[in-house]
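Colleague: Sharing a structure here in structure tokens format.
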Amino acid sequence: MESPSYLEVYPDAVMRAGQQTTDTAGAWQTWSTRIRMHVGHTDNAVRSTHISAALDVLAERVVPVAARVGQRVADLGVVTTSAGVVVADSDGVSAELLHQQSGAAAGQASVLSRPIDGSAAAV
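My numbering applies: residue -7 is where the sequence shown begins, and numbers increase by one.
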């Protein structure tokens, strides 16, 4: 299978995917709150100080990681949406520049000093 010589991007699909990813960030971020809450409830119900201490250590390790996952999901959604916007904007700018350049070139007389097929120029 041959690799394509270009990259095909659908900016609207990319922007939608970024927005949908960002929309899930809140759910991811609630995991840290839920973990803390459930560990707290369990900690109150446990009579063993060893198990209670172990749950506290677990919460101290897991809660910040879960919160970071939520933030990273939000960041991923934002940068994905931004990438789609950049591609869409650059498509518009490049189309405008090509239109301007082709219009300017069409208005010029030929600048060839000889035929492009290599034959002698008629003088």
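Glycine included, every Cβ here is placed at the ideal spot set by N, Cα and C.
Note that the structure is a prediction, hence the values are computed from the model and not measured.
Please classify Thr73 as buried or exposed, where buried requires at least 16 neighbouring CB atoms within 10 angstroms.
Modeller: For the purposes of this step, residue 73 is taken as residue 81 along the sequence shown, with counting starting at 1. Buried, since its Cβ has 16 or more Cβ neighbours within 10 Å.
Colleague: What are the boundary residues of the alpha helix (DSSP H) that Val31 is part of?
Modeller: Translated into positions along the sequence shown, residue 31 becomes position 39. Where Val31 is concerned, the enclosing alpha helix (DSSP H) stretches over Pro3 to Ala37.
Colleague: Which of the three DSSP states, helix, strand or coil, is assigned to Ser40?
Modeller: Here residue 40 corresponds to residue number 48 of the sequence shown, with the count starting at 1. Coil.
Colleague: In this structure, does DSSP put Pro(-4) in helix, strand or coil?
Modeller: Indexing the sequence shown from 1 puts residue -4 at position 4. The answer is coil: DSSP assigns Pro(-4) none of H, G, I, E or B.
Colleague: Taking 7 Å as the threshold (C-beta atoms), are Pro(-4) and Val79 in contact?
Modeller: Working through the sequence shown from its first residue, we reach residue 79 at position 87. Working through the sequence shown from its first residue, we reach residue -4 at position 4. No, the Cβ-Cβ distance between Val79 and Pro(-4) is not below 7 Å.
Colleague: How many Å lie between Tyr(-2) and Val55 at the Cα?
Modeller: Mapped onto the sequence shown, residue -2 falls at position 6. Mapped onto the sequence shown, residue 55 falls at position 63. So the alpha carbons of these two residues sit roughly 43 Å apart.
Colleague: Taking 7 Å as the cut-off, decide whether the C-beta atoms of Val57 and Leu47 are in contact.
Modeller: The residue labelled residue 57 in the question sits at position 65 within the sequence shown. The residue labelled residue 47 in the question sits at position 55 within the sequence shown. Contact flag unset, no.
Colleague: Return the Cβ separation of Val49 and Thr14 in integer angstroms, given the expectation that the two are a contact with Cβ distance under 8 Å.
Modeller: What you label residue 49 is simply residue 57 of the sequence shown in a count that begins at 1. What you label residue 14 is simply residue 22 of the sequence shown in a count that begins at 1. That pair is no contact at about 32 Å.
Colleague: Is the region 58 to 68 in contact with the region 19 to 29, if contact means three or more CB pairs nearer than 8 Å?
Modeller: Enough Cβ pairs lie closer than 8 Å, so yes.
Colleague: Let me confirm a value: Ala19 is counted as buried when at least 16 other C-beta atoms fall within 10 Å, else exposed. Which label applies?
Modeller: Indexing the sequence shown from 1 puts residue 19 at position 27. The residue in question, Ala19, is exposed, as its Cβ has fewer than 16 Cβ neighbours within 10 Å.
Colleague: Look at Ala66 and Ala9 and say whether their C-beta atoms are less than 7 Å apart.
Modeller: Position 74 of the sequence shown, counting from 1, holds the residue named residue 66. Position 17 of the sequence shown, counting from 1, holds the residue named residue 9. No, the pair does not count as a contact, with Cβ atoms beyond the cut-off.
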